[in-house]
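See below for the structure under consideration.
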Amino acid sequence: MNPTYYTTAELARAAHVTRRTVMHYAELGLLTPDQVTASGRALYGPYALRLLRDLIDLRALGFTLEEARDAVTLRRATHDVNGVYHRDWTRADIPISDERLQALQVKLRTVHDAYERQADNLERFDRWLTKRFTGGQLPTESEGDEPDSDVP
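Shown next as structure tokens:
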């Protein structure tokens, strides 16, 4: 089976960002096309969508561009182009200094701990807002990205 490739505009639509955002991340070297057509059009594979979503999420969580770059670099070093984790990676595969990796770990733990402390509150607040602004109708599974098994 042939993989699906996205143009810049298609990748942007799939990630719910602007085409300019994709181009900006590509200019910074955070996203690289899997193929370039003879006419120079960049084509991105499914893993690029994963990396783009990671970048967007990390930025939304307050990570700096450098921290997000390091996280994407780490993911690329430890996963293949299909997103499959390499069990045989070594420290030499990761082109990031120990100091930056330690700083990234501190940031990740800080965000994770904050999320764990706030998870119940965030869920309750989201339910209240959803009910408030949808007349009590919660979205169905088909409307969201993932099922919400604990919603009645």
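With full-length UniProt numbering, letter number 114 in the sequence shown gets 114, and the count goes up by one each step, no holes.
Where a beta carbon is used, it is the ideal one built from N, C-alpha and C, also for glycine.
Since we're looking at a predicted model, the values are computed, not measured.
Asked, Found
"Stretch pair the region 84-92 + the region 49-68: three plus CB contacts closer than 8 angstroms", "no"
"Alanine 38 vs threonine 8 beta-carbon contact at 8 angstroms", "no"
"Threonine 32, buried or exposed, once every other Cβ within 10 Å from all chains shown has been counted against 16", "exposed"
"Leucine 28 (DSSP reduced to helix, strand or coil)", "coil"
"Nearest-angstrom Cβ-Cβ length linking leucine 11 and tyrosine 44, presumed shorter than 8 angstroms", "5 angstroms"
"Alpha helix (DSSP H) segments (min. 4 residues) lying fully within the region 42-129", "46-60 and 65-78"
"Length of the line joining the Cα atoms of tyrosine 5 and alanine 60", "26 angstroms"
"Contact set for aspartate 93: own chain, Cβ-Cβ below 6 angstroms, skip 5 residues either direction", "Ala77"
"C-alpha gap between glutamate 99 and glutamate 116, whole angstroms", "26 angstroms"
"Bridge partner(s) assigned by DSSP for valine 17", "Beta-bridge pairing links valine 17 to no other residue."
"Integer-rounded CB distance, given that alanine 15 should sit under 8 angstroms from leucine 49", "6 angstroms"
"Aspartate 126: CB within 7 angstroms of a non-hydrogen atom of the ligand HEM", "Inclusion of the ligand HEM in the displayed structure is not the case, the ligand content being empty and no account of it being possible."
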